[in-house]
Amino acid sequence: MLNPSRLLLICAVFLLGEIIVYSQVKAVNRNNYRINISYTSEPIKIDGVLNEQSWQDSEKAENFTRVTPVDTGYAVAQTTVVITYDKSYLYVGAVCYDPSPGKRPVESLRRDFEFTRNDNFRVHIDTYNNLTNGYAFGVSAAGAQSDGVINNGSVSSFTWDTKWKSAVKSYSDHWVAEMAIPFRSLRYFEGENEWGINFGRLDLKTNEKSAWAPVPRQFPHNSLPYAGTLVWDKPLDKAGLRLSVIPYFTSKVIKNTEADETTKWKWNAGFDTKMILSTSMNLDLTVNPDYSQVEEDRQQTNLDRFELFFPERRQFFLENSDLFANLGNSKAQPFFSRRIGLNVPINFGGRLTGRIGNKWRIGMMDMQTGSKDDNLASNYAVAVLQREIFSRSSIVGFLVNKEITQSYSDTAFTANHYNRVAGLEYNFASTDNRWQGKTFFHQSFYPGAGKNAAAFSGNIGYFSQYLKASISQSYIGSDYIAEAGYIRRTGLFEITPSVSYLFYPSHSEKIISHGPGANFNVVFDPEFKLTDRETEFSYTIGWKNKSQLSVSMQEEFILLSSDFDPTNTGGEKLDAGERFHWNSAQAGFTSDDRKLFNYKLSTGIGGYYNGNRWFFNGQMNYRVQPYGSIGMIINYNNISLPDPYNSAKLILLGPTLDITFTDKVFLTTFIQYNNQIDNVNMNIRFQWRFAPVSDLFIVYTGNSYSDNFVNKNRGLVVKLSYWFN
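Per the numbering used here, the sequence shown starts with residue 794, numbered consecutively.
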């Protein structure tokens, strides 16, 4: 069995190496790119016309530099930004020059539009000046809004919504954006006189991404470590207690033909409350929440031996969730909010997030669920305390607790009365974002917990313009259980190194970069016996028009730990303990997504367990700008296995229709045909945003058999919500 002390020693070496690396890194743009902001008493009308005197008196941010396709030189499509404020709003005005003739690419008018498919302007704000957490506000050239929060220095989550104002005015050779961002929507320290800030622009006709404070092209546009400085003319005022209430009402009609049930009508009501306790502390409460308007999960062809991962889509759990969602890693998350209320109703819950002083962050969440069928009422609680150290690193301590709150006497019920996971984590990121790493130790507690109820992990990576290299290792004990989390598999020790290198030819007119890559994944059982090995060598070519080609070769070995049907169709299973080894090849191409018709294709062929497999995946989209798009997802797997095992031709089709009638009225329709699970799913969702962050939803969902299209179940939901300040 693997010696845990040896693993801890390896993690300590990672930690020491990261600290040494930190000591060699210096600050980036904060001192070199500074813009002063002054108070205005003049009323600012948000109309896309910068004709107020305050704009003329404001200091300008200009001379934007390119980020992509190359990160040298000034942008061809230049931008000039002015900024001012009053007691309620931060105002941003931008003149986006457009030197290229033709229509400006805009995918749709939907809020939180996709960045890479729309001409747009954004402002990224680091209110705590910690290079790690901040906000992003943007507008497309058609006037659609986008708002989100930034965590880990460059990871944006656009599920966060708030009330703010914007307007866009278009001209033949430029367009103007004007924003009013309320201070009540931001969290910051009172008395501060500097924030981090950067302004970004994407001009698709020139295929150019640019920024005021330069950002290396290997990093996202919103990288806070590369932001400049916003200098206030006087310290910021304290914000008092502020309250928002968002009540909702729903009406549902459901018909479950498969269960031979009669039509059921249901009514429901509840509310969310948002309380701003201070400029740096937030309290969110929810009572009897309803998530019937949330988009359905996109189905996946399941060829995996372990549980598939489906992302969280409910807004309450996504807003300001980085403290909770970033615990652990992708294969061992001690807290995964999707476990809460998936098959049972949520009665009530609350979340407190914010800062205590300059270096401490706190996050606490408590949710109480009801009972349904065999699922008992439970309480889910998680508490996280983060201490920032150095410039962009942190130490995190947490406790996750799931506890059954409903009494039961059924002796056949085998679930644990409680399950708890506690842990410590160290997150590292250098000031310039080139070095990133993490190490953690988790311990689970439950009745009868064994001696191997722990998880360890350590990883470190280096990311430059040319070289990207990382190595991670994880040990997950066979007794490690996290009922409120997502644990892909237990009883393993895993090592995953990867490396890639890019060449940037200086004389090519079409190719922007090309280079090789290698990925390795090795898994051992607790006795240190090899159970999985995957080796991949690849080569990638990127063109200046944003299209990309990649080819790869894979070698794979698997020692089955349990019986398994490789088609997941209920056929004869391969026996546990059998060994399989095969080779395969793949190729993928992504087209220029600036075009009205764009696509992404991949195909592969080779061995598969004791047989063969070839597959084809496609994503196609046609844009009818700015009113929406038509799309199609195609997944085809042809698996051939010897008798008596199942061979299968698995088909997953997903046509989509996304219409934005205006920037407030949307219609989304998608159909999912999946013959692996004998299901056809249809989802039609209409949304009318009749007031800021206030919506009317009408949602239809139906499921049928894939062979004869006979209905299984269907339902219609009407939901109305309104935001009261």
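For glycine and all other residues, C-beta sits at the position ideal for the given N, C-alpha and C. Predicted model only: the values in this text are computed from it and were never measured.
Check your understanding: For Ser-1293, which of helix, strand or coil comes out of DSSP?
Key -> The count along the sequence shown starts at 1 and reaches residue 1293 at position 500. Assigned with DSSP and collapsed to three states, Ser-1293 falls in strand.
Review point. DSSP on Arg-1132, reduced to helix/strand/coil?
Key: The residue given as residue 1132 occupies position 339 in the sequence shown. Residue state, collapsed to three classes: helix.
Review point. Leaving out the 5 sequence neighbours to the left and right, which residues in its chain are closer than 6 Å to Phe-1042 when beta-carbon positions are compared?
Key: If you number the sequence shown from 1, residue 1042 lands on position 249. Answer for Phe-1042: Ala-1062 and Leu-1513, listed in chain order.
Point to revise | Residue span of the beta strand (DSSP E) that contains Trp-1058, given as start and end | key: As a working mapping, residue 1058 is identified with position 265 in the sequence shown. 1057–1071 is the extent of the beta strand (DSSP E) around Trp-1058.
Review point. Can you name the start and end residues of the alpha helix (DSSP H) that Gln-1465 belongs to?
Key: For the purposes of this step, residue 1465 is identified with residue 672 of the sequence shown, where counting begins at 1. Note, Gln-1465: premise wrong, no alpha helix (DSSP H); beta strand (DSSP E) at 1458–1467.
Point to revise | Beta-carbon gap between Pro-1047 and Phe-1064 smaller than 8 Å | key: Within the sequence shown, numbered from 1, the residue matching residue 1047 stands at position 254. Within the sequence shown, numbered from 1, the residue matching residue 1064 stands at position 271. Per the sequence shown, residue 1047 should be read as Ile rather than Pro. No, they are not a contact pair.
Review point. Is it true that the segment 1072–1088 meets the segment 1101–1117, where meeting means three or more beta-carbon pairs spaced less than 8 Å apart?
Key: yes
Practice item. Give the secondary structure of Gln-1519 by DSSP, where H, G and I count as helix, E and B as strand, and everything else as coil. Key: Given that the chain is displayed from residue 794 to residue 1518, the structure contains no residue 1519 and the question cannot be resolved.
Point to revise | Nearest-angstrom Cβ-Cβ length linking Arg-1281 and Lys-1124, presumed shorter than 8 Å | key: The residue labelled residue 1281 in the question sits at position 488 within the sequence shown. The residue labelled residue 1124 in the question sits at position 331 within the sequence shown. Their Cβ separation, rounded to whole angstroms, is 4 Å, which keeps Arg-1281 and Lys-1124 in contact under 8 Å.
**Study point:** Span of the alpha helix (DSSP H), counted from its first residue to its last, around Asp-850
**Key:** The sequence position of residue 850 within the sequence shown is 57, counting from 1. In this chain, the alpha helix (DSSP H) harbouring Asp-850 covers 846–850.
**Study point:** Opening and closing residue of the beta strand (DSSP E) in which Leu-995 lies
**Key:** Stepping through the sequence shown from its first residue, residue 995 is reached at position 202. Residues 987–996.
Check your understanding: First and last residue of the alpha helix (DSSP H) that includes Ala-1118?
Key -> The count along the sequence shown starts at 1 and reaches residue 1118 at position 325. 1115–1118 is the span of the alpha helix (DSSP H), which, as asked, contains Ala-1118.
Check your understanding: For Gln-1093, which of helix, strand or coil comes out of DSSP?
Key -> Locating residue 1093 in the sequence shown gives position 300, where the first residue counts as 1. If DSSP states are grouped into helix, strand and coil, Gln-1093 belongs with coil.
Exercise for review: Could you check how far apart the C-beta atoms of Ser-978 and Lys-956 are, in whole angstroms? I think they sit under 8 Å.
Suggested key: On the sequence shown, residue 978 is found 185 positions in, with the first residue counted as 1. On the sequence shown, residue 956 is found 163 positions in, with the first residue counted as 1. Right, their Cβ atoms sit about 7 Å apart.
Exercise for review: Would you be able to state if there are at least three C-beta pairs under 8 Å between the segment 1337–1348 and the segment 1362–1373?
Suggested key: no
Practice item. Label Arg-915 either buried or exposed according to how many other C-beta atoms from any shown protein chain fall within 10 Å of its C-beta, with 16 as the threshold for buried. Key: In the sequence shown, counting from the first residue as 1, residue 915 sits at position 122. Its Cβ being crowded by 16 or more others within 10 Å, Arg-915 is buried.
Practice item. Ignore the nearest five residues each way along the sequence and tell me which others in Phe-1479's own chain have a CB closer than 6 Å to its CB. Key: Position 686 of the sequence shown holds residue 1479. Cβ within range, chain order: Leu-1460 and Ile-1491.
**Study point:** Beta-carbon proximity of Asn-1245 to Tyr-1211, cut-off 8 Å
**Key:** Position 452 of the sequence shown, counted from the start, is the residue given in the question as residue 1245. Position 418 of the sequence shown, counted from the start, is the residue given in the question as residue 1211. Contact: no.
Point to revise | Sequence-distant residues of its chain with Cβ nearer than 8 Å to Ala-1004 (five each side left out) | key: To locate residue 1004, count along the sequence shown from 1; it is residue 211. Excluding positions up to five away in sequence, the list reads Phe-857, Thr-858, Val-860, Asn-991, Phe-992, Gly-993, Arg-994, His-1014 and Tyr-1019.
Point to revise | Spatially closest choice to Gly-927 from Lys-1057, Leu-1017, Ser-939 and Pro-1007, by CA coordinates | key: Translated into positions along the sequence shown, residue 927 becomes position 134. Ranking Lys-1057, Leu-1017, Ser-939 and Pro-1007 by Cα distance to Gly-927 puts Leu-1017 first.
Practice item. Can you tell me which of Leu-1034, Asn-822 and Asn-1122 puts its alpha carbon nearest to the alpha carbon of Thr-742? Key: Outside the displayed range of the chain (794 to 1518) lies residue 742, so it cannot be described from this structure.
**Study point:** Segment contact, 8 Å Cβ cut-off, at least three pairs: the segment 1021–1032 with the segment 1225–1241
**Key:** no
Review point. For the candidate residues Asn-1474, Trp-1481, Tyr-1515 and Phe-976, whose alpha-carbon lies nearest to that of Phe-1502?
Key: Numbered from 1 along the sequence shown, position 709 holds the residue referred to as residue 1502. By alpha-carbon distance to Phe-1502, the top candidate from Asn-1474, Trp-1481, Tyr-1515 and Phe-976 is Asn-1474.
Exercise for review: Have a look at the DSSP bridge pairing and note the partners of Lys-1442.
Suggested key: Along the sequence shown, one-based indexing puts residue 1442 at 649. Beta-bridge pairing links Lys-1442 to Asn-1431.
**Study point:** Residues that Lys-853 bridges to, as DSSP identifies them
**Key:** Within the sequence shown, the letter at position 60 stands for residue 853. Answer is Val-875, bridged to Lys-853.
Practice item. Evaluate the contact criterion for the segment 941–951 versus the segment 960–971: three or more CB pairs, one atom per stretch, below 8 Å. Key: Contact fails: fewer than three Cβ-Cβ distances are below 8 Å.
Point to revise | Residue environment, His-1592, which counts as buried when at least 16 other CB atoms sit within 10 Å | key: Limits of the chain in this structure are 794 at one end and 1518 at the other, which puts residue 1592 out of reach.
Check your understanding: Closest to Asp-1385 by CA distance: which of Ala-1118, Tyr-1466 and Asn-1000 is it?
Key -> Here the question's residue 1385 lines up with position 592 in the sequence shown. Residue Asn-1000 is the option with its Cα nearest to Asp-1385.
Check your understanding: What is the DSSP secondary structure of Glu-1396, counted as helix, strand or coil?
Key -> On the sequence shown, position 603 is the one that residue 1396 refers to. Residue identity check: residue 1396 is Thr in the sequence provided, not Glu. The answer is strand: DSSP assigns Thr-1396 an E or B state.
Review point. In whole angstroms, what separates the C-alpha of Glu-1051 from that of Lys-1505?
Key: Locating residue 1051 in the sequence shown gives position 258, counting from the first residue. Locating residue 1505 in the sequence shown gives position 712, counting from the first residue. So the two alpha carbons sit approximately 5 Å from each other.
Point to revise | N-terminal and C-terminal residue of the beta strand (DSSP E) that Leu-883 is part of | key: Residue numbering aside, residue 883 sits at position 90 when the sequence shown is read from its first letter. Run containing Leu-883: 882–890, per the beta strand (DSSP E) assignment.
Review point. Terminal residues of the continuous beta strand (DSSP E) containing Phe-914?
Key: Taking the sequence shown and counting its residues from 1, the one referred to as residue 914 is at position 121. Run containing Phe-914: 913–919, per the beta strand (DSSP E) assignment.
Practice item. Enumerate in chain order the residues of its own chain whose CB-to-CB distance from Asn-822 is below 6 Å, with the five nearest sequence positions on each side excluded. Key: In the sequence shown, residue 822 corresponds to position 29, counting from 1. If we look at Asn-822 and ignore the five residues flanking it on each side, its Cβ neighbours are Ala-1006, Tyr-1019 and Gly-1021.
Point to revise | Distance CB(Gly-1508)-CB(Arg-1091) smaller than 8 Å | key: Residue numbering aside, residue 1508 sits at position 715 when the sequence shown is read from its first letter. Residue numbering aside, residue 1091 sits at position 298 when the sequence shown is read from its first letter. No, Cβ-Cβ distance for Gly-1508 and Arg-1091 is not below 8 Å.
Check your understanding: Does the segment 889–899 come close enough to the segment 917–925 that 3 or more CB-CB pairs lie under 8 Å?
Key -> no
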